[in-house]
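Take 25 as the starting number for the sequence shown in this note's numbering and just add one per residue.
The structure appears below as C-alpha cells.
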Amino acid sequence: MIDLRSDTVTQPTEEMRRVIAQAPVGDDVFGEDPSVNRLQEYVAELLGKEAALFVPSGTMGNQICLAVHCRSGDEVILEAASHIVTYETAAPAVIARVQLVPIASELGQMPVEAIQRAIRPPEYYFPRTALICLENTHNRHGGTILPLSYCQEVAQLARQRGLAVHLDGARLWNASVATGIPPRHYAELADSVMVSLSKGLGAPVGSVIAGSREFIAEARRWRKLLGGGMRQAGILAAAGLYALQHHLERLHEDHEHARLFAQLLAESALLQLELRRVQTNIVVFRYPAHLTFAQFAQACRQEGVLLSAGMPGYARAVFHLHIGRQQAIDAAHAVIRATRALLT
Ligand code: TLP
25 MIDLRSDTVT
35 QPTEEMRRVI
45 AQAPVGDDVF
55 GEDPSVNRLQ
65 EYVAELLGKE
75 AALFVPSGTM
85 GNQICLAVHC
95 RSGDEVILEA
105 ASHIVTYETA
115 APAVIARVQL
125 VPIASELGQM
135 PVEAIQRAIR
145 PPEYYFPRTA
155 LICLENTHNR
165 HGGTILPLSY
175 CQEVAQLARQ
185 RGLAVHLDGA
195 RLWNASVATG
205 IPPRHYAELA
215 DSVMVSLSKG
225 LGAPVGSVIA
235 GSREFIAEAR
245 RWRKLLGGGM
255 RQAGILAAAG
265 LYALQHHLER
275 LHEDHEHARL
285 FAQLLAESAL
295 LQLELRRVQT
305 NIVVFRYPAH
315 LTFAQFAQAC
325 RQEGVLLSAG
335 MPGYARAVFH
345 LHIGRQQAID
355 AAHAVIRATR
365 ALLT
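Structure (C-alpha cells):
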C-alpha cells in the first residue's frame, strides 16, 4: 500500500529509534529535560527567536499562540481554508475564546486589501482585532508557498495597525527548502511561529512554538493549563532534533516526487489538476464530480494507494520520507487506473 494520506504517517527510522533510546531525559515540567532544552534552543536559533517551547502537537501550538496573543472576545484574521479554521475543532472559540474572521483566497494568500478592510476601527462596540495568522505552506490550497514579499507586506500592515502576526509553519521547512530562503527570514516577520516535527521531517510526535522570551514564558503557562506539560519528553524531543538535523535537506525529494506524480496525473487528462499549485510535497486534484470522496478513495485503495480528502471535490496526496520516486510513479498509475475504471 502506498500511503499518501499525509506526511504525518511516517515511522521513525532505525537511526532515529537509536537516538530515542539513548536520549538523556529529565522532568521537563521542572525544565530539566536536557533533550527538550537542546531542541528548544536549536529551533529558537533556527528561527531567529529568543525562545522556543516543545508542544505535543501543532494544534496545541497554534492554540497556545492564539491564547497568548489575544484576550477573549478579540478577533483573529486568518485564511478561510486555514488549518486553524478547518481542522482544530473550533478550539479558538473554546480556548482563547476569540472570534475568527476568515478571508477567502486563491492560493492561501489573503488579499492585503481584504485584511485591511477586516481590521476593526477602534470603536468600543466593535470587537478588537488582535492578530493576523498566516499558514506557510498552505495545506488545503495544496502546499502552496506564501512568497516572502507577501509575508513582508502583511507584517508591515500588522505593525502599522498594532497587530500581532502568528505563523502556522507546520510545513515552513518545505517552504524554506523549496525557495532556498532560510526559515528565520519568514519567522522574523511573525511574532510567534509554530513548526512541526512530525510531518515531513518524520519525527513521531511534536511541534515547537517560538517567539520572544516573554511570549514563551506565557505560552508555557498555557501549555500546562492545557495538559501539555510533559515529563521525560526528551525521548520525543531527541527524535525531533535528529529529524531537523538529518531530514530537512531531503524534503526537496518529496517535492520532486509530488511534481512527478502531479505531472503524470495531468498528462492522463482524466483528472483535473493545476500544476501551479504543486509547489512542495502536496498534490490536490479534482476527482470525477459525480463521485463522493469515499467512493474515489475506495477505488484508489483497491489499486494500492491511500489518499485523503482536500477541499470539497478534491483529493490530496502528500509525499514523505517513505515514498520513493518509483512509488510516486506507481501511485500515479494506480490513481489513473482507478479513475478510468470509475469512468467506464
Ligand atoms: N495537518 C494534518 C491534518 O490535521 C489535516 C495533515 O494531515 O496535513 N497546521 C497545519 C498547516 C497542518 O497541516 C496541521 C496538521 C496542523 C497545523 C496541526 O498539527 P497536529 O496534527 O500536530 O496537531
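Note that the Cβ used here is the ideal one computed from N, Cα and C, for glycine as well.
Only a predicted model underlies this, so the values are computations on that prediction, with no experimental measurement involved.
Quick check: residue i and residue j, are their CB atoms within less than 8 Å of each other?
{"i": "His162", "j": "Gly226", "result": "no"}
{"i": "Val359", "j": "Leu284", "result": "no"}
{"i": "Gln123", "j": "Pro151", "result": "yes"}
{"i": "Met40", "j": "Tyr266", "result": "yes"}
{"i": "Leu196", "j": "Gly264", "result": "no"}
{"i": "Asn305", "j": "Gly230", "result": "no"}
{"i": "Ala261", "j": "Leu28", "result": "no"}
{"i": "Val60", "j": "Ala194", "result": "no"}
{"i": "Ile108", "j": "Ala142", "result": "no"}
{"i": "Val178", "j": "Val189", "result": "yes"}
{"i": "Ala211", "j": "Ala76", "result": "no"}
{"i": "Arg164", "j": "Ala115", "result": "no"}
{"i": "Gln296", "j": "Arg310", "result": "yes"}
{"i": "Ala47", "j": "Ile259", "result": "yes"}
{"i": "Ala128", "j": "Asn160", "result": "no"}
{"i": "Asp51", "j": "Arg255", "result": "yes"}
{"i": "Asp12", "j": "His276", "result": "No answer is possible for residue 12: the residues shown for the chain start at 25 and end at 368."}
{"i": "Gly85", "j": "Arg208", "result": "no"}
{"i": "Leu14", "j": "Tyr66", "result": "There is no way to answer for residue 14, as the model of the chain reaches only from 25 to 368."}
Does the Cβ of residue i have 16 or more other Cβ atoms within 10 Å, making it buried, or fewer, making it exposed?
{"i": "His314", "result": "exposed"}
{"i": "Val136", "result": "exposed"}
{"i": "Pro206", "result": "exposed"}
{"i": "Val118", "result": "exposed"}
{"i": "Glu147", "result": "exposed"}
{"i": "Thr113", "result": "exposed"}
{"i": "Arg301", "result": "buried"}
{"i": "Tyr149", "result": "exposed"}
{"i": "Lys248", "result": "exposed"}
{"i": "Gln87", "result": "buried"}
{"i": "Arg237", "result": "exposed"}
{"i": "Glu103", "result": "buried"}
{"i": "Gln350", "result": "exposed"}
Three-state secondary structure (DSSP) at residue i?
{"i": "Cys157", "result": "strand"}
{"i": "Phe320", "result": "helix"}
{"i": "Val189", "result": "strand"}
{"i": "Phe78", "result": "strand"}
{"i": "Ser129", "result": "coil"}
{"i": "Thr168", "result": "strand"}
{"i": "Glu298", "result": "coil"}
{"i": "Tyr66", "result": "helix"}
Give me the Cβ distance between residue i and residue j, rounded to the nearest whole Å; I'm assuming they're in contact under 8 Å.
{"i": "Phe78", "j": "Val232", "result": "6 Å"}
{"i": "Leu155", "j": "Cys175", "result": "Incorrect: roughly 15 Å between the Cβ atoms, too far for contact."}
{"i": "Ala333", "j": "Ala365", "result": "That belief does not hold up - the Cβ atoms of Ala333 and Ala365 are roughly 20 Å apart, past 8 Å."}
{"i": "Ala355", "j": "Ala339", "result": "In fact, because the Cβ distance is near 12 Å, the residues do not count as touching under 8 Å."}
{"i": "Ala362", "j": "Gln326", "result": "7 Å"}
{"i": "Ala286", "j": "Val307", "result": "5 Å"}
{"i": "Gln133", "j": "Leu170", "result": "6 Å"}
{"i": "Pro228", "j": "Pro36", "result": "5 Å"}
Of all Cβ atoms in chain C, is any one closer than 8 Å to the Cβ of residue i?
{"i": "Leu250", "result": "Of the protein chains in this structure there is only one, and it is not chain C."}
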